[in-house]
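Quick note: the sequence shown uses the working numbering, first residue 1, plus one each step.
Positions of the beta carbon are idealized from the N, C-alpha and C atoms, including for glycine.
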Amino acid sequence: MSKSTENLFSLLKDGVNDDINIKNKNGETNRITSDELNQLSQKKVLHELDSLYEEYTFASAKDASLTDDLQRHVSKNNGTCEHDHTEDSLVYGEIDLQGFCDLLLHHIPHNSSDVFYDLGSGSGRAVFAARFVGDFRECVGIELLSNLHEMASSVRSLYRFQYQHKLIYQHVQFVCSDLLDYDGWWKDGTVVYVPNLLFDDKLKEQIAEKAVKLQSGAFLICLKKFEGANFNSVFELVTERPVVMSWGESNTYIYKRQ
Numbered sequence: 001m002s003k004s005t006e007n008l009f010s011l012l013k014d015g016v017n018d019d020i021n022i023k024n025k026n027g028e029t030n031r032i033t034s035d036e037l038n039q040l041s042q043k044k045v046l047h048e049l050d051s052l053y054e055e056y057t058f059a060s061a062k063d064a065s066l067t068d069d070l071q072r073h074v075s076k077n078n079g080t081c082e083h084d085h086t087e088d089s090l091v092y093g094e095i096d097l098q099g100f101c102d103l104l105l106h107h108i109p110h111n112s113s114d115v116f117y118d119l120g121s122g123s124g125r126a127v128f129a130a131r132f133v134g135d136f137r138e139c140v141g142i143e144l145l146s147n148l149h150e151m152a153s154s155v156r157s158l159y160r161f162q163y164q165h166k167l168i169y170q171h172v173q174f175v176c177s178d179l180l181d182y183d184g185w186w187k188d189g190t191v192v193y194v195p196n197l198l199f200d201d202k203l204k205e206q207i208a209e210k211a212v213k214l215q216s217g218a219f220l221i222c223l224k225k226f227e228g229a230n231f232n233s234v235f236e237l238v239t240e241r242p243v244v245m246s247w248g249e250s251n252t253y254i255y256k257r258q
């Protein structure tokens with residue numbers, strides 16, 4: 001059974017009212033089912049996301065990441081920066097939006113009191129996917145590279161002008177910070193996405209140390225399993241499923257804080 005949210009139906013109401021009643025082959029009008037309505041809603045979301053990012057392509061975001069001053073500093077200093085993040089940890093990639101929306105809708109129970117965080121949000125695509133399909137109180141992206149943060153902020157300006165009014169739950173925020181320094185995500189985050197496929201072991205250990213501070217019932221979505229006795233003692237792996245990324249298919253792991 002497909003799941004719907006208030007934001008999904010708010011988008012649907014804005015753009016597809018004419019499709020609520022569909023004529024059959026005999027010319028008779030049939031009321032569409034709730035599942036069909038949800039499918040229309042999700043198509044609307046993907047259309048809106050494509051429109052929002054029409055001028056902010058994956059290629060432009062990739063270029064922005066490669067030309068960022070911090071990225072170049074890391075390349076020149078044996079692959080490290082202030083928190084010893086390796087060059088690989090700063091490699092830019094994006095999750096498939098349709099797969100990510102499906103994951104949020106069908107595997108992450110949430111409501112309007114929940115707060116979504118993306119730790120390494122890049123140009124903000126996953127943040128806006130969460131915003132369009134989810135009823136989160138806030139959707140927040142944390143990005144270390146200033147070039148990508150500026151791009152996400154530009155997209156946010158466009159969102160506020162053209163898209164925000166279509167949604168019931170509207171708040172989106174982007175923070176230019178090291179995820180290890182910004183304590184908001186482990187203090188009030190209830191759904192946290194960590195695109196950690198290329199993160200080095202030390203960074204994953206540091207994130208795991210922060211993640212155990214998440215409140216009970218919080219979900220942690222990641223692309224590579226977290227290890228460690230302390231982490232495993234408080235997190236349960238509830239779902240493992242494949243999802244498409246910009247570089248190919250990857251597994252996605254969903255943990256729940258006990």
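Rounded separation between residue i and residue j - CA only
i, j, result
"Val-212", "Tyr-255", "11 Å"
"Ala-208", "Glu-227", "8 Å"
"Leu-214", "Ala-64", "32 Å"
"Thr-67", "Asp-88", "15 Å"
"Tyr-53", "Gln-164", "15 Å"
"Leu-49", "Leu-237", "30 Å"
"Val-194", "Asn-147", "20 Å"
"Leu-220", "Val-234", "12 Å"
"Val-174", "Thr-86", "Position check: residue 174 holds Phe in this sequence, whereas Val was assumed. Approximately 23 Å, taken between the alpha carbons."
"Ile-168", "Lys-44", "15 Å"
"Asp-35", "Ser-4", "9 Å"
"Asn-17", "His-110", "Summary for Asn-17: the model assigns pLDDT 48, below 50, so the residue's position carries little reliability, and this model does not support an answer."
Residues near residue i by beta carbon distance below 7 Å, same chain, minus five either side
i, result
"Asn-230", "Val-212"
"Asn-78", "Caution is warranted here: a pLDDT of 48 is assigned to Asn-78, below 50, making its placement in the model unreliable, and the coordinate value is therefore given only provisionally. For Asn-78, where only same-chain residues beyond five positions count, there are no Cβ hits under 7 Å."
"Lys-166", "Ser-10, Leu-11 and Asp-14"
Same chain, Cβ closer than 8 Å to residue i, five either side skipped, listed in chain order
i, result
"His-240", "Just to set this straight, residue 240 is Glu in the shown sequence, not His. Cβ neighbours of Glu-240 beyond the five flanking positions: Asn-251, Thr-252, Tyr-253 and Ile-254."
"Ala-152", "Ser-121, Gly-122, Ser-123, Gly-124, Val-127, Gly-141, Glu-143 and Phe-174"
"Lys-187", "Lys-213"
Under the three-state DSSP convention, the category residue i falls into
i, result
"Gln-173", "strand"
"Leu-167", "coil"
"Lys-76", "Confidence at Lys-76 is low in this model, with a pLDDT of 45, below 50, so its placement is unreliable and the value that follows should be read with caution. Correct three-state label for Lys-76: helix."
"Leu-271", "There is no way to answer for residue 271, as the model of the chain reaches only from 1 to 258."
"Asn-111", "coil"
"Gly-184", "helix"
"Arg-137", "coil"
"Gly-99", "helix"
"Val-45", "helix"
"Glu-227", "coil"
"Val-212", "coil"
Residue i - containing alpha helix (DSSP H), residue span
i, result
"Lys-62", "58–66"
"Ser-157", "146–162"
The beta strand (DSSP E) enclosing residue i, as first and last residue numbers
i, result
"Val-115", "115–119"
"Glu-240", "235–245"
"Leu-90", "Leu-90 -> no beta strand (DSSP E), and no H or E assigned at all."
"Gly-248", "248–257"
Test: residue i CB closer than 7 Å to a CB of chain C
i, result
"Glu-209", "As a matter of chain content, chain C is missing from the structure shown, which is built from one protein chain."
Contact set for residue i: own chain, Cβ-Cβ below 6 Å, skip 5 residues either direction
i, result
"Phe-116", "Ala-130, Phe-136, Cys-139 and Val-191"
For the structure I just gave you, are there three or more beta carbon pairs, one from the stretch 33–45 and one from the stretch 109–127, closer than 8 Å? Segments in contact, no.
Report yes or no: do three or more beta-carbon pairs, one from the stretch 135–148 and one from the stretch 112–122, lie closer than 8 Å? The stretch 135–148, when compared against the stretch 112–122, does touch it at the 8 Å Cβ threshold.
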